[in-house]
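Residue numbers for the sequence shown follow this note's numbering, beginning at 18 and rising by one. Below is one structure, written out as structure tokens; comments come after it.
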Amino acid sequence: MKSKNPYVRMLNFMRVSNNSDANFAGCEEVLAYMHEAAANGKPVKITDLVQSLQFGTGPTVHRKVVELQSRGLIVVERSATDGRAKSLALSDAGAKHLDQRSKSLKAVLQG
């Protein structure tokens with residue numbers, strides 16, 4: 018039975034669409050964080066993701082970054098200001114992925 022409540026439909030959409038790929042668990046949130054940071058002109062480093070405390074421990078964040086990079090959704094480069102740090106940025110494919118997810122969610126919410 019399809020719910021008439023948009024919030025319930027959104028939760029169902031997120032639950033179903035995020036459970037199909039165990040390796041991608043938590044990666045959507047990292048992409049969203051990176052998108053917001055880029056929109057505000059802020060660079061993102063792996064340490065930023067760890068220090069935000071919402072993405073897990075260092076090894077968990079590293080696994081997510083490696084997964085996103087292997088799928089071509091982000092680009093990892095050496096930081097221009099600190100040679101030891103790595104800067105992260107959404108790739109064109111990452112931006113397209115978020116755009117497609119947004120369109121899918123909008124369609125679900127509109128019923």
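Beta carbons: idealized from backbone N, C-alpha and C, even for Gly.
Integer-rounded CB distance, given that residue j should sit under 8 Å from residue i
| i | j | result |
| --- | --- | --- |
| Ala55 | Ala106 | 7 Å |
Straight-line Cα distance separating residue j from residue i
| i | j | result |
| --- | --- | --- |
| Glu84 | Phe41 | 7 Å |
| Arg88 | Pro23 | 31 Å |
| Val78 | Gln127 | 34 Å |
| Ser96 | Pro60 | 9 Å |
| Val92 | Phe30 | 28 Å |
| Ala124 | Asp38 | 22 Å |
| Leu122 | Gly100 | 39 Å |
| Val33 | Gly43 | 14 Å |
| Val25 | Thr98 | 45 Å |
| Leu70 | Gly58 | 21 Å |
Residues near residue i in its chain [Cβ-Cβ closer than 7 Å; skip 5 each side]
| i | result |
| --- | --- |
| Val47 | Leu66, Phe72, Lys81, Leu85 |
| Met27 | Leu122, Val125, Leu126 |
Buried or exposed by the 16-neighbour rule on C-beta atoms within 10 Å, applied to residue i
| i | result |
| --- | --- |
| Gly75 | exposed |
| Leu90 | buried |
| Gly111 | buried |
Residues of its chain near residue i, where Cβ-Cβ distance is below 8 Å and the 5 sequence neighbours each way are ignored
| i | result |
| --- | --- |
| Lys62 | Ser96, Ala102, Lys103, Ser104, Leu105 |
| Leu115 | Leu48, Ala49, His52, Leu107 |
| Lys21 | Gly128 |
| Lys113 | none |
Neighbourhood of residue i by C-beta, 6 Å cutoff - its chain only, sequence neighbours within 5 removed
| i | result |
| --- | --- |
| Glu94 | Ser104 |
| task | Report the residue ranges of all alpha helix (DSSP H) runs contained in full by the stretch 31–109; include only those spanning at least 4 residues, in chain order. | result | 44–56, 63–68, 75–87
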